[in-house]
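Residue numbers for the sequence shown follow this note's numbering, so the first one is 17 and each next one is one higher.
Here the structure comes first, spelled out in structure tokens, and everything after it is commentary.
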Amino acid sequence: MAPAPDTPAVPREAPQANRSFAGLVDFLAQNAAMLLGAYADPRTGQAVLDLDGARELIDMLDALREKSRGNLTAEEDQILADRLGRLKFTYLEMTKAAAQAMREKAGRQP
Numbered sequence: 017m018a019p020a021p022d023t024p025a026v027p028r029e030a031p032q033a034n035r036s037f038a039g040l041v042d043f044l045a046q047n048a049a050m051l052l053g054a055y056a057d058p059r060t061g062q063a064v065l066d067l068d069g070a071r072e073l074i075d076m077l078d079a080l081r082e083k084s085r086g087n088l089t090a091e092e093d094q095i096l097a098d099r100l101g102r103l104k105f106t107y108l109e110m111t112k113a114a115a116q117a118m119r120e121k122a123g124r125q126p
């Protein structure tokens, strides 16, 4: 139905990022970051390093990006790309550090 001639047309704004989607991405990203040692476990006060768990969460975010391709706003896509990029970089750095620590430990053993 067309607006009445006296009624000004309301300009369409760019779609806003869905808060639930951004919340889901942040939830998964924060848990992955925790497993990469970014946060201390509140029970122990020690950083947690679980590379396998972090990889699973990163893979979930990758799957979410692949399955939602073409259905995200520019802001949602940017949020997801940003979180994934930072997590993948941190994951690579932590796997290198873990491998180096294992090599050093192996070199010290008789």
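Glycine included, each C-beta is placed from N, C-alpha and C at the ideal position.
Just so we're clear, the structure is a prediction, and the values are computed from it rather than from any experiment.
request  = Whole angstroms is fine: what's the gap from D93's alpha carbon to N34's?
outcome  = Taking the first residue of the sequence shown as 1, we reach residue 93 at position 77. Taking the first residue of the sequence shown as 1, we reach residue 34 at position 18. Cα to Cα, D93 sits roughly 11 Å from N34.
key: Coarse secondary structure for L52, derived from DSSP in three states   = The residue you call residue 52 lines up with position 36 of the sequence shown. It is a strand residue.
task = For the alpha helix (DSSP H) holding L103, just list the boundary residues, first then last.
result = Taking the sequence shown and counting its residues from 1, one reaches residue 103 at position 87. Counting along the chain, the alpha helix (DSSP H) containing L103 begins and ends at A90 to R124.
ask   = Can you name the residues that DSSP bridges to L40?
value = To locate residue 40, count along the sequence shown from 1; it is residue 24. DSSP lists no partner for L40.
request  = Identify every residue that forms a DSSP beta bridge with A63.
outcome  = As a first step, residue 63 must be located in the sequence shown, where it is residue number 47. Beta-bridge pairing links A63 to A56.
ask   = So, are the CB atoms of L52 and M110 less than 7 Å apart?
value = The residue you call residue 52 lines up with position 36 of the sequence shown. The residue you call residue 110 lines up with position 94 of the sequence shown. Result yes, Cβ atoms of L52 and M110 sit closer than 7 Å.
task = Please name the residue, chosen from A115, D98 and E120, that lies closest to A38 on a Cα-to-Cα basis.
result = Here residue 38 refers to the residue found at position 22 when the sequence shown is read from its first residue. The candidate whose alpha carbon is nearest that of A38 is D98.
message = Taking the straight line between their C-alpha atoms, what separation do you get for L73 and V41?
response = Residue mapping note: residue 73 aligns to position 57 of the sequence shown, counting from 1. Residue mapping note: residue 41 aligns to position 25 of the sequence shown, counting from 1. Cα to Cα, L73 sits roughly 10 Å from V41.
query = If A122 sits next to L67, beta carbons under 8 Å apart, how far is it from one beta carbon to the other, in whole angstroms?
reply = Here residue 122 refers to the residue found at position 106 of the sequence shown. Here residue 67 refers to the residue found at position 51 of the sequence shown. For A122 against L67, the beta-carbon gap comes to about 18 Å, at or over 8 Å, which does not count as contact.
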